[in-house]
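For reference, each letter of the sequence shown is one residue, going -21 to -1, 1 to 147 in mature numbering (1 follows the signal peptide of the UniProt record, and there is no 0).
Note that beta-carbon positions come from the ideal geometry of N, C-alpha and C, so glycine has one too.
Just so we're clear, the structure is a prediction, and the values are computed from it rather than from any experiment.
Inspection log for the structure reproduced underneath, given as structure tokens.
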Amino acid sequence: MKNKKLIFLTSVLALSIFATAGLTFADSLDDKQSNLNQPVRYGWNNGGYACTLTENDLTTIKGKISNINTTNPPFSIDITTDDNKIVNVHLGRIVFMDNFKELNLAKDMEIEIKGFYRTFNINNQETTVFKPISIKAKNKEIKLRDENNRPVWAGRKGAGRGFKKVGK
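Next comes the structure, spelled out in structure tokens:
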């Protein structure tokens, strides 16, 4: 009986050590430095680019919509500027919100978007995307990010207790 208890306690201790080592290793991984060749899950937390935004990063692009993708992730629109530059604008989950749908975006529609550029290493290839803060079309404007650069569709952080619904 004593040997069974000793084996059980030794097993529990060994599992605890392995679990602690695994968690420590996982916490030390940095998604921007990851060598796992996985796409960076940008926008899922307040780390990385979300907290590094400054006024100098903000820019406004104006042009016509040349393509709309609200069916396959990553949801985006392409804007052709006056100098014929095509800018791909990543929308995120905002496409599911009613205020976005009320814009009734269409091809060749004039649009103005305030946002910022960020470059990500996705599958070992540098990709620059435009992340919108607000979209203005047909005298309507919607905000896609709050004053802390958090996407409006993401809700509020729950201080470790999950996400809270906005307004609660």
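Run through DSSP, which three-state label would residue i get?
{"i": "T50", "result": "coil"}
{"i": "N128", "result": "coil"}
{"i": "P18", "result": "Legend: pLDDT at P18 = 42, less than 50; position of this residue unreliable, value from coordinates given subsequently. DSSP places P18 in coil when its eight states are reduced to three."}
{"i": "D57", "result": "strand"}
{"i": "T33", "result": "coil"}
{"i": "K86", "result": "coil"}
Can you say whether residue i is buried or exposed, counting buried as having 16 or more other CB atoms within 10 angstroms of its CB?
{"i": "V66", "result": "buried"}
{"i": "K80", "result": "exposed"}
{"i": "F95", "result": "buried"}
{"i": "L37", "result": "exposed"}
{"i": "I(-5)", "result": "exposed"}
{"i": "I114", "result": "buried"}
{"i": "V68", "result": "buried"}
{"i": "P52", "result": "exposed"}
{"i": "D9", "result": "Bear in mind that a pLDDT of 45 at D9, under 50, signals an unreliable position, so the model cannot answer this."}
{"i": "F(-13)", "result": "Looking at the sequence shown, residue -13 is not Phe but Leu. Looking at its Cβ environment, which holds fewer than 16 other Cβ atoms inside 10 Å, L(-13) is exposed."}
Just to confirm the assignment, what range does the beta strand (DSSP E) spanning residue i have?
{"i": "N67", "result": "I65 to H69"}
{"i": "T107", "result": "Q104 to A116"}
{"i": "K100", "result": "Strictly speaking, residue 100 in this sequence is Asn, with Lys absent from that position. Here the beta strand (DSSP E) through N100 covers E89 to I101."}
{"i": "I121", "result": "K119 to K122"}
Tell me the residue span of the alpha helix (DSSP H) that contains residue i.
{"i": "residue 155", "result": "What is shown of the chain runs -21 to 147, which leaves residue 155 out entirely."}
Of the choices the options, whose alpha-carbon is the least far from that of residue i?
{"i": "R72", "options": "N35, F(-4), T49 and I92", "result": "T49"}
{"i": "N118", "options": "A133, R97, R124 and L82", "result": "L82"}
{"i": "K93", "options": "T39, S(-11) and K(-18)", "result": "T39"}
{"i": "K110", "options": "K122, A116, A(-8) and I(-5)", "result": "K122"}
{"i": "S55", "options": "F75, D125, D61 and E120", "result": "F75"}
{"i": "E126", "options": "T33, F(-14) and T107", "result": "T33"}
{"i": "D62", "options": "N100, V108, D77 and K41", "result": "K41"}
message = For the structure I just gave you, are there three or more beta carbon pairs, one from the stretch 85 to 99 and one from the stretch 39 to 49, closer than 8 angstroms?
response = Because the criterion of three Cβ pairs below 8 angstroms is met, the stretch 85 to 99 and the stretch 39 to 49 touch.
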